[in-house]
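> Residue numbers (our numbering): 3 to 88.
Have a look at this one.
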Amino acid sequence: MPELDQAFADAQENVNKLTSRPDNDQLLQLYALFKQGSKGDVEGKRPGRLDMVKRAKYDAWAKLAGTSSADAKQGYVDLVARLTQG
3 MPELDQAFAD AQENVNKLTS RPDNDQLLQL YALFKQGSKG DVEGKRPGRL
53 DMVKRAKYDA WAKLAGTSSA DAKQGYVDLV ARLTQG
C-alpha cells in the first residue's frame with residue numbers, strides 16, 4: 003500500500019503542473035476521486051441548488067460512495083497520468 007500512497011502523492015503534485023486546464027467533467031472527477039481516496043464517503047447535507055459549484059462537487063463525490071480508498075486513489079493516479087500525457 004505504501005507504493006499506492008506515494009503514487010497518489012506524486013499525482014497530487016503532477017496535477018498542479020498540467021499545461022492545460024482539464025475540462026469541467028475531468029475537474030469534477032479529479033475532485034471526487036481525491037476526496038474519496040483521502041476522506042472516504044461524502045458526509046453532510048447536499049448543498050442547495052443556488053450553490054451550483056458546491057452541489058456539483060458534492061454530487062460527483064457522492065457517486066463514488068462505497069468505492070474503496072485504494073480504488074479511488076488508483077483512479078486518481080490513472081486520471082492524472084492520462085491528463086499529463088495528452
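A virtual CB, placed ideally from N, CA and C, is assigned to each residue, including glycine.
Note that this is a predicted model, so its numbers are computed, not measured.
Excluding the five sequence neighbours on either side, which residues of its own chain have a C-beta within less than 7 Å of the C-beta of Ala58, listed in chain order?
Counting from 1 along the sequence shown, the entry for residue 58 is found at position 56. For Ala58, where only same-chain residues beyond five positions count, the Cβ hits under 7 Å are Leu30.
> Counting pairs of beta carbons, one from the segment 7-14 and one from the segment 44-52, are three or more of them closer than 8 Å?
Because the criterion of three Cβ pairs below 8 Å is not met, the segment 7-14 and the segment 44-52 do not touch.
> Leu35 and Tyr78 look like a contact to me (Cβ under 8 Å); what is the Cβ gap, rounded to whole Å?
Against the sequence shown, residue 35 aligns to sequence position 33. Against the sequence shown, residue 78 aligns to sequence position 76. Right, the Cβ-Cβ distance comes to about 4 Å (below 8 Å), so this counts as a contact.
> Enumerate, from N- to C-terminal direction, the unbroken alpha helix (DSSP H) stretches of 4 or more residues contained entirely within the segment 29-72.
Counting only runs of 4 or more, we get 54-64.
> Can you tell me whether Lys75 is buried or exposed? The criterion is at least 16 other CB atoms within 10 Å of its CB, across all chains shown.
Working through the sequence shown from its first residue, we reach residue 75 at position 73. Classification for Lys75: buried.
> Pull up the distance between the alpha-carbon of Glu15 and that of Thr86, whole angstroms please.
Mapped onto the sequence shown, residue 15 falls at position 13. Mapped onto the sequence shown, residue 86 falls at position 84. Glu15 and Thr86: Cα-Cα distance of roughly 11 Å.
> Let me know if Gly39 comes out buried or exposed under the rule of 16 or more other beta-carbons within 10 Å of its beta-carbon.
The sequence position of residue 39 within the sequence shown is 37, counting from 1. The residue is buried, with at least 16 neighbouring Cβ atoms inside 10 Å.
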